[in-house]
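Take a look at the structure below.
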Amino acid sequence: MFFTLLRDSWTGFTALERRNIALYITGIMLYKFGLEAFNGSIVALATNRYDYDAFISNSTSKTFERVGLLTGLNQAFQCIGAILIAPLVRRAPTKLVLSTSVFAFGLFAAMPLIVDASTGGSFVPKKFRTKHPRNDFYYYGNYNTDGLIPIYSVTGIVYGMVELIRRVIPRDLVGGNVQKLRRVDALVHIFYEVAGTAGAFCTALALIPNLGNNYSFIITPVCFAMAAGTWSCITNLDFQPEVQDILAEQPAYTKAIFGSFLLFLESFWTGGKLMFTNRRFIWLLPGYAIALYGHRYLENGLAPAIARRYLGNSAWSQVIVGGSNLGELLGAAFVFFFTNLVTTPIPWIRLDSVMLLVVWYLPFWYPPQGQVAYAWMVAATFLPISFGWAAGDVSLAAYIQATLARVESKTKNVSALGAVMAFLYSTYIVIYAITSPMLGRYIDIVFNESGGAEHDGDIHPAIMNIGAIQFTILSIMILAATFVPQGAFAFNPQMLFKQRLDTEIAKPSKLDDEVKMTNWRSDGESAENHHTSHNGSSHESSYSHHGRRCQERP
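With our numbering applied, the sequence shown corresponds to residues 592 to 1145, in that order.
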């Protein structure tokens, strides 16, 4: 059944689409494998180093406050990268922006390796490979652990660019047909999570035990360089660069200094206005941004705390993340299989909101330390949570891409799709950047007040608040958002706002002088015309000859 469905779906694309999708999937798998090794190793490295610093100096532990700051700043810098995408993809081919970004990411990812080696660091000793002492990391390089923060923060810029653009590029590959978009999004997500699951387990069970988490991400620059080379082979799809109106009369150096800042503001403003002035998009804020925050905090906030404080080994957080990635793989596969049965993202998002409540067992669970079997148990419980999130994310991403392909952007400098995705992604980043250090500090306070490292401190009260209670609040917000769209009160609605998204956008039209936002009548129905914009690439079946905008009339 799987191979038959896969073959039928694959033959539904044109030869050019199949070639570009294959290249994109190959690159995304290389990228994800290297990314899991990098993120998992850096977080585990920082966790161990901060604990080790507190141990040798006999001071109060600030481990998760610092780790929260580390990951929070990384997320904040991702905001910059995410916003930069909206103007960039209108001036350069999407594949060029993507391949350049991931290559730069690889260069920055190599910096911690160079710093550790130049300050006396070495691979993990052989005697530590079978059983690692809890607080002995003498083989690490002799540098200030806070130095990881600016390095990891800078990598967030290119990380944010890559993460956002991979949510935009599917429309370049297959156009605005929601059926094609949903299938290609699910297909990409399946292979993405195959690589992510393999990368997480490989990092936790092979790379970190044999190399140490100070060198376990040595494969990351290599994987990123290979991904960049693969993506550079994607066809340009008749790309035509658009002239920037902002500061067009100014000299080149003036545009270089001020242009990016003004485009940042315009992109954020455009995305926010589209979101908050239209019922069609307002529900995406909790449905997408809040759900994404919950998923990321599950993997980057809860998993490291459980691995280090519950189980005694920070490297096992990647085992937990591996189970989460496997859940994402299964969730994406379900969307792929049932794309015609579940035609809107509403049922999947509701499933996601319910699955968040699984974390309620953690405050009442007391596993013995030093046994990896219990890390696998946590991984198994995180699987259904990530299953629900991935199913909702894939389906919702296709819905956003198809819907925004029918909305006219107000500006000539940023695309509607790029602006809205940047706004949503930036909102999630800001939330995470603020809450992560605060919640990490709270974990440290509870740990130190209950005895700290010397007297087996307990973080179960903290997990009750940052896990069970926080995720219950997120669950309620996400579930409530699913009842906002018109037609969403059905268990499995066939369409939202009475709009069909399973058709191509092929009819060209003349550009309007100004935006005609969707007008709503009192019964919630949209006006007759639906406008579209794209992010700078033309598609043979979706965009007009001039690569500008098209209009669809029902």
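From the three backbone atoms N, C-alpha and C, an ideal C-beta is built for every residue, glycine too. Just so you know, these numbers come straight off a predicted model, no measurement behind them.
Return yes when the Cβ of phenylalanine 792 is within less than 7 Å of the Cβ of glycine 913, no when it is not.
yes
Please state whether DSSP places histidine 780 in a helix, a strand or coil.
helix
What is the residue span of the alpha helix (DSSP H) that aspartate 1035 lies within?
Residues 1007-1040.
Using a 10 Å radius around the Cβ and a threshold of 16 neighbouring Cβ atoms, would you call alanine 906 buried or exposed?
buried
Could you check what DSSP says for aspartate 1049 in three-state terms: helix, strand or coil?
coil
DSSP three-state call for histidine 723: helix, strand or coil?
coil
Mark alanine 1071 as exposed unless 16 or more other C-beta atoms lie within 10 angstroms of its C-beta, in which case mark it buried.
exposed
What is the DSSP secondary structure of alanine 701, reduced to helix, strand or coil?
DSSP places alanine 701 in coil when its eight states are reduced to three.
Going straight from the alpha carbon of leucine 953 to that of tyrosine 901, what length do you get?
10 Å
Using the Cα positions of serine 944 and aspartate 984, report the straight-line distance between them to the nearest angstrom.
12 Å
Classify lysine 771: buried if its beta carbon has 16 or more other beta carbons within 10 angstroms, exposed otherwise.
buried
How far does the alpha helix (DSSP H) with asparagine 735 in it extend, from its first residue to its last?
Looking at the DSSP string, asparagine 735 is not in any alpha helix (DSSP H), and its letter there is neither H nor E.
Quick check: the Cα distance between phenylalanine 955 and alanine 1024, rounded to an integer number of angstroms?
28 Å
Whole-angstrom Cβ separation of leucine 974 and serine 915, contact assumed at under 8 Å?
Under the criterion of beta carbons closer than 8 Å, leucine 974 and serine 915 qualify as touching, at roughly 7 Å.
What span of residues does the alpha helix (DSSP H) with histidine 965 cover, start to end?
Histidine is not the amino acid found at residue 965; the sequence shown has tyrosine there. 963-995 is the span of the alpha helix (DSSP H), which, as asked, contains tyrosine 965.
With a Cβ-Cβ cutoff of 7 Å, do tyrosine 622 and alanine 818 count as a contact?
yes
Less than 6 Å between the CB of glycine 918 and some heavy atom of the ligand SAM, yes or no?
Here there are no bound small molecules, and the ligand SAM is not part of this structure.
Report, in whole angstroms, the separation of the C-beta atoms of asparagine 1083 and valine 933, which I expect to be a contact under 8 Å.
Contact flag correct, Cβ pair sits at about 6 Å.
Assign glutamine 666 to buried or exposed, taking buried as 16 or more other Cβ atoms, counted over all protein chains shown, within 10 Å of its Cβ.
buried
With respect to the alpha helix (DSSP H) encompassing glycine 618, which residues constitute its N-terminal and C-terminal limits?
606-648
Ignore the nearest five residues each way along the sequence and tell me which others in isoleucine 799's own chain have a CB closer than 6 Å to its CB.
Taken in chain order, the residues that qualify are Ser807 and Ala906.
Give the list of continuous alpha helix (DSSP H) stretches no shorter than 4 residues that lie fully inside the region 922-963.
As for any alpha helix (DSSP H) of minimum length 4 sitting wholly inside the region 922-963, the runs are 937-946, ordered along the chain.
Rank Tyr615, Ser823 and Phe629 by C-alpha distance to the C-alpha of alanine 683 and give the top, closest one.
Ranked by Cα distance from alanine 683, the options Tyr615, Ser823 and Phe629 are led by Ser823.
Take glycine 603 and list the residues in its own chain whose beta-carbon comes closer than 6 Å to its own, dropping the five residues that flank it on each side.
Cβ-Cβ distances below 6 Å link glycine 603 to nothing in the same chain once the five nearest sequence neighbours on each side are left out.
Let me know the secondary structure DSSP gives serine 652 once reduced to three states.
coil
Measuring CA to CA, which of Ala606, Leu607 and Leu802 is closest to threonine 721?
Leu802
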